[in-house]
Amino acid sequence: MAMNVVALAGGVGGAKLAHGLALVLTPEELTIVVNTGDDFQHLGLYISPDLDTVCYTLAGLANTSTGWGRAGETWQALETLGELGGPTWFRLGDRDLGLHLERTRRLKQGQRLSQITRHFCKVWGVQCQVLPMSDDSVPTWVYTVNEGELTFQEYFVHRQCHPHVTGFRFEGVERSHPAPGVLAALQRADLVVICPSNPWVSIGPILAVPGIRQALGGNPAPVVAVSPIIGGQAVKGPAAKMYAELGIQPSAFSVANHYGSLLTGFVFDVLDAVQENPITELGIRPLITDTLMKSTQDRRRLAREVLIFGDELRGA
Ligand code: GDP
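Just so we're aligned, residue 0 is where the sequence shown starts under numbering that gives the first Met the number 0, counting upward by one.
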């Protein structure tokens, strides 16, 4: 049965499940809406880390060991930059730089991020629809105890998530608009999948764009999230550390509680099976399975299980 699935995704964790979904659905059945709160300007270039991670992953160009950037990358431009005294804290490979140059050139010509992304996907043979959450700039700021307000990349890459966080701000989000196609995809969705991405800084910004949460609420289709927290820990990145610093115990339950009434179903790991009752008591249907995606096969299997769960929740 043909269906319309919308996946909300950040970078690394989101890209893995999005890839699994792309492997089991036809291109027409899948739309991926990607966080752009991490986007920033650096060295005069417009950089969209999550969008690039998702597109590189779907195109088979990603570096699977780092989880970001491209496979087979070389670093000569960055080396030269360092020799000349330029900033090298944000690692940009030569191939990656080529992409940032072209995106920046097109943006300066007046093209929209969504248009440019469509073009790059076409060139790379990515057939499903990949949409930035918005064509407007919505930079994420991280409030910290000792270092004030940091831009997301300053916190994430330069300071390597060391500062203790107290909150987040998505600058200008109230004036932002969903990118063309986002609301239409959500309105016709038979299933919405919130990928195992950071709930605070990857999914949070997407849900904060005016209209997106309303479109989810206005569509009776099930919304299923996959937990990025396994056994109280993030697989990668600061999600668990953020929960702890914000005074919330990092757990699958906390993620389910975070999304709350938005969710119809929640997929979490066998390691966290004891949390089934508290999650069910939130009024959310549980699916307990192996949620760690180490291989392409894992991505495909988890995606298939999420789709079958979605069917059950729809009563199909
Ligand atoms: P970022 O923007 O690159 O940080 O990417 P995301 O927000 O999409 O991904 C980070 C989150 O993905 C972290 O909280 C990880 O715990 C989670 N994650 C990464 N790999 C996996 C995985 O294989 N399974 C699950 N369940 N979560 C994962």
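Glycine included, C-beta positions come from ideal geometry on N, C-alpha and C.
Fair warning: this is a prediction, and the values are worked out from it, not measured in the lab.
Annotation: valine 192 to glutamate 82 spans about 45 Å, alpha carbon to alpha carbon.
For lysine 240, the shortest separation between its Cβ and any heavy atom of ligand 1 does not lie below 7 Å.
In the DSSP annotation of this structure, the continuous segment of the alpha helix (DSSP H) that includes proline 277 starts and ends at 275-280.
The beta carbons of tryptophan 123 and leucine 60 sit closer together than 8 Å.
In the three-state reduction of the DSSP assignment, phenylalanine 252 falls in the helix class, which pools H, G and I. Beta bridge pairing from DSSP links serine 133 with Pro177. A Cβ-Cβ separation of about 17 Å leaves proline 48 out of contact with tryptophan 74 under the 8 Å criterion. For isoleucine 46, no alpha helix (DSSP H) encloses it; the enclosing beta strand (DSSP E) starts and ends at 44-46. Of the residues Ala255, Tyr154 and Pro204, the one whose Cα lies closest to the Cα of glutamate 173 is Pro204. By the 16-neighbour rule on beta-carbons within 10 angstroms, isoleucine 115 is buried.
The segment 80-95 and the segment 152-161 touch, with no fewer than 3 CB-CB distances between them shorter than 8 Å. Not one heavy atom of ligand 1 lies closer than 7 Å to the C-beta of valine 191. The secondary-structure analysis by DSSP pairs tryptophan 140 across a beta bridge with Thr150 and Arg168.
Excluding the 5 residues flanking it on each side, glutamine 232 has same chain C-beta neighbours closer than 6 Å at Ala239, in chain order.
Note on geometry: alpha-carbon atoms of glycine 166 and proline 227 lie some 19 Å from one another.
For leucine 100, the closest of Gly43, Ser136 and Arg111 by C-alpha to C-alpha distance is Gly43. The DSSP-derived three-state label of valine 125 is coil.
Rounded to whole angstroms, the separation of the alpha carbons of valine 23 and alanine 302 is 7 Å.
Proline 237 and serine 260 have their C-alpha atoms spaced approximately 24 Å apart.
As summarised for the segment 46-94, the continuous alpha helix (DSSP H) elements at least 4 residues long and confined to that stretch are 48-58 and 75-82, given in chain order. Methionine 292 has its Cβ nearer than 7 Å to a heavy atom of ligand 1. By alpha-carbon distance to valine 225, the top candidate from Glu170, Ala21 and Arg298 is Arg298.
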